[in-house]
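*Asks:* Numbering (numbering that gives the first Met the number 0), first residue to last: 0 to 509.
C-beta: ideal position from N, C-alpha, C; glycine also.
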Amino acid sequence: MTKKNIISHVFSLLCLVLILSISSCRKDFSTIPSFGQLEFSRDTVFLDTVFTNIGSATYNLRVYNRGARDITIPAIALERGASSNYRLNVDGIPGKDFQNIDILAKDSIFVFVETTVDISSVSSPLYTDRILFDNGMNQQRVELITLVQDANFIYPGRDPFTLKIDSLTLDGEATTIKGRFLTNEELTFTNTKPTVIYGYAAVSSNNTLTISSGAKVYFHDNSGLIIDKDASLKVNGTLNEKVVFEGDRLENSFSTLPGQWGTIWLRAGSKENEINYAQIKNGSIGILVDSITSSTSPTLTLKNTEIFNHSNFGVLARETSILGENIVIGNAGEASLACVIGGSYNFTHSTFANYWNNGIRSLPAVLVNNFYTYTNASGQEVIETRDLIAANFTNCIIDGNNNIEFLPDRADGSLFNFKVANSLMKFTDINNSLAGVSEVDFNNTSLYENILLNGVSHFRNVSSNDFIIGQDSQAINFGNSTGAGLVPLDILGVTRTISPDAGAYQHIDF
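1) Pop quiz: W264 and F218 are said to be a contact at Cβ under 8 Å. What is the actual Cβ separation, rounded to whole angstroms?
2) Any idea if L162 is buried or exposed, counting beta-carbon neighbours within 10 angstroms, 16 or more meaning buried?
3) According to DSSP, is N183 helix, strand or coil?
4) What first and last residue would you give for the beta strand (DSSP E) that runs through I468?
5) If you draw a straight line from the alpha carbon of H348 to that of D220, how long is it in whole angstroms?
6) Hey, out of E324, I144, A389, whose CA is closest to L414's CA?
7) On the criterion of 16 or more Cβ atoms from any shown chain inside 10 Å, does A200 qualify as buried, or is it exposed?
8) Do F392 and S422 have their C-beta atoms closer together than 8 Å?
9) What do you reckon, is the C-beta of E305 under 7 Å from a heavy atom of the ligand FMN?
10) Is it buried or exposed, F509, if we count other Cβ atoms within 10 angstroms and call 16 or more buried?
11) Suppose the cutoff is 6 Å on Cβ atoms and the five residues either side in sequence are ignored; what does the same chain contact list for P499 look like?
12) For F244, which residues from the same chain have a beta carbon less than 6 Å from its beta carbon, with the 5 sequence-adjacent residues on both sides left out?
13) Straight-line CA distance for V493 to N368?
14) So, at 7 Å on beta carbons, what are the nonlocal neighbours of L146 in its own chain, with the 5 sequence-adjacent residues on each side left out?
15) Mapping the DSSP letters down to three states, classify S22 as helix, strand or coil.
16) Quick check: the stretch 33 to 42 against the stretch 59 to 67, are there 3 or more CB pairs under 8 Å?
17) Nearest-angstrom Cα distance between L186 and A74?
18) Measure the alpha-carbon distance for R41 versus E142 and round it to whole angstroms.
19) On the criterion of 16 or more Cβ atoms from any shown chain inside 10 Å, does V381 qualify as buried, or is it exposed?
20) Please go through the same chain and pick out, in chain order, the residues whose beta-carbon is closer than 6 Å to the beta-carbon of I164, but skip the five residues on each side of it.
21) Cα separation between R360 and E333?
22) Taking C338 as part of the beta strand (DSSP E), name the residues at either end of that continuous run.
23) Near F370, what residues of its chain come up, given a Cβ to Cβ distance below 6 Å and the 5 sequence neighbours on each side ignored?
24) Return yes when the Cβ of K418 is within less than 8 Å of the Cβ of L446, no when it is not.
25) Would you decide whether S290 is buried or exposed? Buried here means 16 or more other CB atoms lie within 10 Å of its CB.
26) So, with DSSP's three-state summary, where would you put S480?
27) Buried or exposed for R61, please, with buried defined as at least 16 other CB atoms from any protein chain shown within 10 angstroms of its CB.
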């Protein structure tokens, strides 16, 4: 075949493809106008709550033609017109006003809805509009409703020339962590408005971040708090006004999604951190605590606090000291509580319950060890140990959906002091892989005193991190009310001075 014939052949083929494309796009069916009998998957689209100037998730509405004839909807539009803060996408086409939209008989189309609202530009935080279908006597409508919430926003800085987002400098070294240090005027979060954080908000040395009762702190993706050396965090929630930490997506579909933000990081050298009556949920690591700072006071005092639904750890403590009372640490992708590389830990009337169901979990609900490993310059694995001064669990529940939910993992070379007393604990070594390990000798009363192995916790709803115990729980009256075991009120303020239940909650009848 000559070059001329090849070119002619290719040209003919392209023309054929073009003709077929045009014919396939041609509307080759007849329709009748819409007659006011459209059906909708819902009569109101609630777009949940959004923060001012922050875009919502995308919501969908399905529009049905139940009739036996193909129809054309003459117009689909937002009632507020071009000024509406809602945005539509009708059958793949974005806009706010559409004409002559076809729906085949017994078929449907999708309408997608989004919004972004500046609260200063609207008269009410309840922002509404309507999608109008057709016109005149045949007009039908679907309501649109969203609640707009004002907030205090904390953003990292940005280089005015390169527009590059600023990164934090920690210990004099540049990092890749996007964020900035809080100013003095930003060191108190109140309950007047929520606080929304983009990047990591850091507290510098000799400063204290104080968070008032009832405050709500929302984190964007890859965001969190950092409390630096010689700085402190004081979270002052109350029984009736807890402080809440969670992701900034307020739509209902995000309410139980883990890994939406980073962590609250109490860095090495931070001091006298206190968290009382808080709820910390849906992050990667609820609290990351580093380094012992004082032999007389813990790095973190944690009381009356729920920590759950984190993609990695509820609390990851590394060679640090924690005092915990009335703590609930629930579902996490790795461990609810990991006390590693030694340290000093004292937990009383706490519930550690890990029923993670978003994948395989290789770690127990509670892990305690006194070492870390690394690879040296020669490629050899090196184990370094640190003293585990104490790891005491008194009047606790340690449970979950793994066979082994408490694991004391010791390496020789440093202290390894721990004790579990008056507690329910799940431990079933079905493969006898820990046979002969002295740290799991449950007959050793210096390590385990009055414990109930594999007892029935009878939690109310483990899938929703509701770890209140019911009337069939074997934790009832199992706690010790004297000495170190005395915490007179449970996490809900219920008195338990006589024959207390183990765990953070006194039982109720479901």
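*Replies:* To lay it out plainly:
1) Actually they are not in contact, since the Cβ atoms of W264 and F218 sit about 12 Å apart, beyond 8 Å.
2) Per the 10 Å Cβ criterion, exposed.
3) In this structure, N183 counts as helix in the three-state DSSP scheme.
4) 465 to 468 is the extent of the beta strand (DSSP E) around I468.
5) The alpha-carbon separation between H348 and D220 amounts to approximately 33 Å.
6) The closest CA to that of L414, considering only E324, I144, A389, is found on A389.
7) Classification for A200: buried.
8) Cβ distance < 8 Å, so F392 and S422 count as in contact.
9) Ligands are entirely absent from the displayed structure, and the ligand FMN is therefore not among its contents.
10) By the neighbour-count rule (16 or more Cβ atoms within 10 Å), F509 is not buried but exposed.
11) Counting only Cβ-Cβ distances below 6 Å, and skipping sequence neighbours, we find G478, S480.
12) Excluding sequence neighbours, F244 sits near V216, I279.
13) Looking at the two C-alpha atoms, the distance is approximately 34 Å.
14) Same-chain partners within the cutoff: T48, P124, L125.
15) Confidence at S22 is low in this model, with a pLDDT of 42, below 50, so its placement is unreliable and no value can be given for it.
16) Touching, yes, given that three or more Cβ pairs across the two stretches are closer than 8 Å.
17) Whole-angstrom Cα-Cα distance: 52 Å.
18) So the two alpha carbons sit approximately 9 Å from each other.
19) Counting Cβ neighbours within 10 Å, V381 comes out exposed, since fewer than 16 surround it.
20) Beyond the five residues adjoining it in sequence on each side, I164 comes within less than 6 Å, by CB distance, of P155, R157, K177 in the same chain, given in chain order.
21) Rounded to the nearest angstrom, the two C-alpha atoms are 6 Å apart.
22) Per DSSP, C338 belongs to the beta strand (DSSP E) from 334 to 347.
23) In its chain, beyond the 5 residues on either side, I382, T384, A410 have a beta carbon closer than 6 Å to the beta carbon of F370.
24) Between L446 and K418, the C-beta spacing is below 8 Å.
25) Buried: at least 16 other Cβ atoms inside 10 Å.
26) If DSSP states are grouped into helix, strand and coil, S480 belongs with coil.
27) Label assigned to R61: exposed.
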